[in-house]
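Numbers 31 to 304, taken from our numbering, label the letters of the sequence shown in order. C-beta: ideal position from N, C-alpha, C; glycine also.
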Amino acid sequence: MENFEAGDAAETVEGTAAEEPAEEATAEEAEIAEPLAEPVTLEFAQWWEPELPEGSFRAMMDEFERRNPGITVELLSGPYSATREQTVAGAATGTMADVVGLDGAWVNDFVKQGALASLSNQMSDAGYDDSELAAQISLDGATYMIPVVNFVYPVFVNLDLMEQAGVASPPSTRDEFAAAAEQMTDPDNNVYGWVLPLSLEQPNGIQNDVMAWVWASGGSMMADGQPNLVDNEDVRSAMEFIKGLYDAGLIAPGTFNMREQDKVEEFTNGRVGM
């Protein structure tokens, strides 16, 4: 087993151009590859199987195995946080799974450790036309991650707190969000309008909870494949908006010590409105 055969799947935010729908081949019509000379088992570590309807992800692997005789996929499934911890440990010890579901925020560190194989090389060796891909995550000209899902970052709202505070409907603009957060904030009862996890221990809050404001406005922190933060009006606007909420006391205390799971617990326990 090669420890560095990893990194070709991820959950990330990407835009895709609309195209005319192609006619899809049925499972029966799909091309079947030549059987391998020797059977191979691929370990696939991810957090998607537990989040999808029971049996659906395994069914996709079964279809892959049917089309690729001689390859068996062993799913290593767990919660997001556990998958991340196992992947970090595996990267440090050279024991990562063959295929790994990635969060885009992990890629840079893993590439620096030499833990991810270049998918550019893999696709070239296989003669795969990468123009068929909607997006690729690359560093220094090499692809290390291929997004498998495109999605928005939704606003989750506690409807009970919203009703109690007199908020008529979930916010759809920044002004409405700020107004709703102010109405739902009740420090005397330890209730706040929004929760923002910015712990450096798990810094994905920057991606999921801060950059979402930039992306929702059509902005980006990148330009020509490189970070673009200086004089970036989209980023500046989002930062000023969030700072305004923080300075106004509308964000739950402990922002700089909170992790993703802390955010979820604050929300599920009714201590934050959004």
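Secondary structure of residue i, DSSP reduced to three states
{"i": "Tyr183", "result": "coil"}
{"i": "Glu84", "result": "coil"}
{"i": "Asn194", "result": "Residue identity check: residue 194 is Gln in the sequence provided, not Asn. Gln194: helix per DSSP, three-state reduction."}
{"i": "Ile236", "result": "helix"}
{"i": "Val260", "result": "coil"}
{"i": "Ser3", "result": "Lying before the first or after the last residue shown, residue 3 is absent from the chain, which here runs from 31 to 304."}
{"i": "Thr102", "result": "strand"}
{"i": "Glu54", "result": "Low per-residue confidence applies at Glu54: pLDDT is 49, beneath 50, and the placement is therefore not dependable enough to give any value."}
{"i": "Gly37", "result": "Only weak support exists for where Gly37 lies, its pLDDT of 41 falling under 50; the value from the coordinates is given anyway. It is coil, neither helix nor strand."}
Neighbourhood of residue i by C-beta distance below 6 Å, restricted to the same chain and skipping five residues each side
{"i": "Leu106", "result": "Glu73, Ala75, Ala127"}
{"i": "Val225", "result": "Ala282, Lys293, Glu296, Val302"}
{"i": "Val240", "result": "none"}
{"i": "Ala195", "result": "Gln213, Met214"}
{"i": "Gly171", "result": "none"}
{"i": "Met288", "result": "Pro227, Ser229"}
{"i": "Leu169", "result": "Val141"}
{"i": "Ala112", "result": "none"}
Residue i vs residue j beta-carbon contact at 8 Å
{"i": "Asp162", "j": "Gly235", "result": "A small correction: the amino acid at residue 162 is Glu; Asp does not occupy that position in the sequence shown. Cβ atoms of Glu162 and Gly235: not closer than 8 Å."}
{"i": "Val302", "j": "Ala278", "result": "no"}
{"i": "Leu146", "j": "Tyr110", "result": "no"}
{"i": "Ala242", "j": "Gly223", "result": "no"}
{"i": "Ile101", "j": "Val70", "result": "yes"}
{"i": "Leu228", "j": "Thr298", "result": "no"}
{"i": "Gly249", "j": "Asp264", "result": "yes"}
{"i": "Arg88", "j": "Glu79", "result": "yes"}
{"i": "Val185", "j": "Met304", "result": "yes"}
{"i": "Pro99", "j": "Ala122", "result": "no"}
{"i": "Gly120", "j": "Trp77", "result": "no"}
{"i": "Arg204", "j": "Phe271", "result": "yes"}
{"i": "Asn188", "j": "Gly300", "result": "yes"}
{"i": "Tyr183", "j": "Asn238", "result": "yes"}
First through last residue of the beta strand (DSSP E) which encompasses residue i
{"i": "Glu73", "result": "70–76"}
{"i": "Asp133", "result": "129–133"}
{"i": "Met175", "result": "172–175"}
{"i": "Leu149", "result": "No beta strand (DSSP E) contains Leu149, which is instead part of the alpha helix (DSSP H) from 149–156."}
{"i": "Ser250", "result": "Run containing Ser250: none; DSSP gives neither H nor E here."}
The alpha helix (DSSP H) enclosing residue i, as first and last residue numbers
{"i": "Glu290", "result": "290–298"}
{"i": "Asp205", "result": "204–214"}
{"i": "Ile159", "result": "Inspection of the sequence shows that residue 159 is occupied by Asp rather than by Ile. That residue, Asp159, is in no alpha helix (DSSP H); it is neither H nor E in DSSP."}
{"i": "Asn188", "result": "First-last for Asn188: undefined, no H or E at that position."}
{"i": "Asn138", "result": "137–142"}
Contact with chain C by residue i, beta-carbon distance below 8 Å
{"i": "Val182", "result": "The structure shown has no chain C; it contains just one protein chain."}
Residues bridged to residue i (per DSSP)
{"i": "Ser168", "result": "Thr173"}
{"i": "Ile281", "result": "Trp224"}
{"i": "Glu302", "result": "The sequence given here has Val at residue 302, not Glu. Tyr222, per the DSSP bridge assignment."}
Close beta carbons around residue i, own chain, < 8 Å, minus the five adjacent residues each side
{"i": "Ile167", "result": "Ala40, Thr42, Gly134, Val137, Thr173, Tyr174, Met175, Ile176, Pro177"}
{"i": "Glu212", "result": "Gly223, Ala278, Leu280"}
{"i": "Leu259", "result": "Met251, Val265"}
{"i": "Pro233", "result": "Ala135"}
Cβ-based neighbour list, residue i, same chain, cut-off 7 Å, excluding 5 preceding and 5 following
{"i": "Val197", "result": "Ala210, Gln213, Met214"}
{"i": "Val103", "result": "Leu72, Phe74, Met91, Phe94, Glu95"}
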